[in-house]
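Take a look at the structure set out below.
Residue numbers (mature numbering (1 follows the signal peptide of the UniProt record, and there is no 0)): -18 to -1, 1 to 235.
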């Protein structure tokens, strides 16, 4: 018996396309992905009370924390609204089969030019605490950095008892692990990175004198009196400084 033409077409479609109607999923599709959108801007900021232009990620420095589970795919879409070429490097992250996401301009990618965007994709293969930062020139000094937290799987041993055997302490450590709050320390300079780079040849030495230490993007400038600074010197340092006329511990005191 002959089938009507429409039934023949339907049957043929099922034979030809039935097994291919759903394409095989890629590794990235099989594993959960976390997507982060970063917008980099060049704006006035005053983390220690002194205002200067800084590279901000979504309007803040440090940038938002990237928090994922081990083995998840991480997608970071970077939009460059600053006037500089830039990039983002995920420090310590194993770029297994994703070398183009290592964020080194001129090596693993072209720089992200102003007004353009770039998408980083990588798998968080190892748990732990990491950080991300620009790998273009000295832009870390301008505030383009942030924390990365990769949580271990639930079945990963957690030997908290080696720190304390007290049940209350172990419970507290488990709670703390579930609610990680990164503490990011940063040595901050009131000069922009480009100002420091331009001043270094004139000074004849590399600048290493910072104005403040930032804790999660906040700090203050504390100018100690010379006598107070000297009180913290070891006897050996005092003898060394005494051999040089008008010597000081730092360029600022």
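For glycine and all other residues, C-beta sits at the position ideal for the given N, C-alpha and C.
No experiment lies behind these values; they were computed from the predicted model shown.
Bridge partners - residue i, DSSP secondary structure assignment
i: residue 165; result: Partner(s): none; residue 165 has no beta bridge.
i: residue 61; result: 21, 99
i: residue 127; result: 115
i: residue 50; result: 132
i: residue 55; result: 15, 105
i: residue 34; result: 27
i: residue 199; result: DSSP, once it has assigned bridges, lists no residue as partnering residue 199.
i: residue 42; result: 39
i: residue 110; result: 132
i: residue 94; result: 68
i: residue 194; result: 170
Simplified DSSP state of residue i, which is helix, strand or coil
i: residue 118; result: coil
i: residue 222; result: helix
i: residue 204; result: coil
i: residue 174; result: coil
i: residue 68; result: strand
i: residue 144; result: helix
i: residue 87; result: strand
i: residue 75; result: coil
i: residue 139; result: coil
Which listed residue (the options) has its alpha carbon closest to that of residue i
i: residue 67; options: 24, 81, 46, 149; result: 24
i: residue 129; options: 35, 116, 55, 120; result: 116
i: residue 177; options: 120, 103, 78; result: 120
i: residue 201; options: 61, 217, 168; result: 168
i: residue 171; options: 133, 222, 73, 122; result: 122
i: residue 60; options: 219, 40, 144; result: 40
i: residue 37; options: 21, 181, 31; result: 21
i: residue 77; options: 63, 148, 56, 87; result: 56
i: residue 175; options: 35, 73, 215; result: 35
i: residue 163; options: 48, 190, 16, 136; result: 48
i: residue 133; options: 153, 52, 93, 45; result: 52
i: residue 31; options: 147, 222, 203; result: 203
i: residue 136; options: 160, 103, 217; result: 160
i: residue 75; options: 14, 214, 54, 65; result: 54
i: residue 58; options: 207, 17, 26, 87; result: 17
i: residue 106; options: 79, 93, 99, 218; result: 79
i: residue 165; options: 111, 118, 229, 143; result: 111
i: residue 88; options: 104, 118, 99; result: 118
Residue i classed as buried or exposed, judged by whether at least 16 other C-beta atoms fall within 10 angstroms
i: residue 19; result: exposed
i: residue 82; result: exposed
i: residue 138; result: exposed
i: residue 187; result: exposed
i: residue 195; result: exposed
i: residue 84; result: buried
i: residue 97; result: exposed
i: residue 95; result: exposed
i: residue 199; result: buried
i: residue 69; result: buried
i: residue 101; result: exposed
i: residue 141; result: exposed
i: residue 43; result: buried
i: residue 71; result: buried
i: residue 45; result: buried
i: residue 62; result: buried
i: residue 190; result: exposed
i: residue 206; result: exposed
i: residue 93; result: buried
i: residue 246; result: Nothing can be reported for residue 246, as the shown portion of the chain is limited to -18 through 235.
i: residue 229; result: exposed
CB contact check: residue i to chain C, cutoff 9 Å
i: residue 87; result: Given the protein chain composition of this structure (a single chain), no chain C is represented.
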